[in-house]
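Residue numbers (the numbering used here): 1 to 178.
And the structure:
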């Protein structure tokens with residue numbers, strides 16, 4: 001599958017995507033939306049209806065719809081089945097209607113014991129620092145995801161990168177036994 005075919009698949013009408021804005025106050029955030037019109041070859045833009053952003057219309061709370069540059073659009077990030085984060089992990093936190101890039105600065109473990117059923121469970125909240133706004137906010141693990149950078153690379157380049165990473169990881173793990 002060529003690059004243009006992949007773009008057409010990811011950004012076809014009805015596809016769910018994420019959009020980034022490079023405007024002051026929005027840097028480092030991603031907002032989900034649905035593609036209403038596919039890529040315009042003329043200006044390389046795509047028409048999106050946002051899921052959480054609303055139009056600046058005081059009479060109605062309609063979803064914001066607008067053309068955005070294709071370079072600011074990526075496929076919807078996959079959700080992790082299990083979420084557990086460590087100190088200094090780069091994460092995206094759902095905050096102010098979008099996913100904001102941040103760093104885990106503290107992990108707070110909560111242990112719950114139900115004496116009626118002799119069961120216990122645990123959960124965690126995470127303190128996240130946002131460099132763009134200089135804020136630190138606590139989040140439940142369900143409002144966090146691993147931070148990902150979408151790279152426009154081919155499948156063969158990705159396989160080479162994975163092999164290099166695995167080989168490096170294996171070499172590093174053997175070093176501690178020498």
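Beta carbons are placed, not taken as given, at the ideal position from N, Cα and C, and that holds for glycine. No experiment lies behind these values; they were computed from the predicted model shown.
From the options, pick the residue whose C-alpha is nearest to that of residue i; which is it?
i	options	result
residue 50	26, 19, 38	19
residue 74	24, 52, 84, 16	16
residue 98	143, 135, 10, 122	143
In three-state DSSP terms, what is residue i?
i	result
residue 89	coil
residue 69	strand
residue 133	coil
residue 101	strand
residue 138	strand
residue 143	helix
residue 156	Because the pLDDT of residue 156 is 46, which lies under 50, any placement of that residue in the model is unreliable, and the question is left without a value.
For residue i, which residues from the same chain have a beta carbon less than 8 Å from its beta carbon, with the 5 sequence-adjacent residues on both sides left out?
i	result
residue 72	19, 20, 21, 22
Could one say the Cβ of residue i lies closer than 8 Å to chain D's Cβ atoms, at least one of them?
i	result
residue 42	The chain inventory of the structure shown lacks chain D, comprising one protein chain alone.
Leaving out five residues on either side along the sequence, give the residues of the same chain with a beta carbon under 7 Å from the beta carbon of residue i.
i	result
residue 70	39, 44, 45, 46
residue 77	18, 145, 148
Here's a check: name, in chain order, each residue in its chain whose Cβ is nearer than 6 Å to the Cβ of residue i, leaving out the five neighbours to either side.
i	result
residue 216	One cannot answer for residue 216 here, as it falls past the ends of the chain, which runs 1 to 178.
residue 27	132
residue 14	none
residue 140	125
What's the gap between the Cα of residue i and the Cα of residue j?
i	j	result
residue 12	residue 125	37 Å
residue 108	residue 31	27 Å
residue 106	residue 147	17 Å
residue 104	residue 33	26 Å
residue 127	residue 94	13 Å
residue 88	residue 54	33 Å
residue 101	residue 42	32 Å
residue 150	residue 91	14 Å
residue 137	residue 62	29 Å
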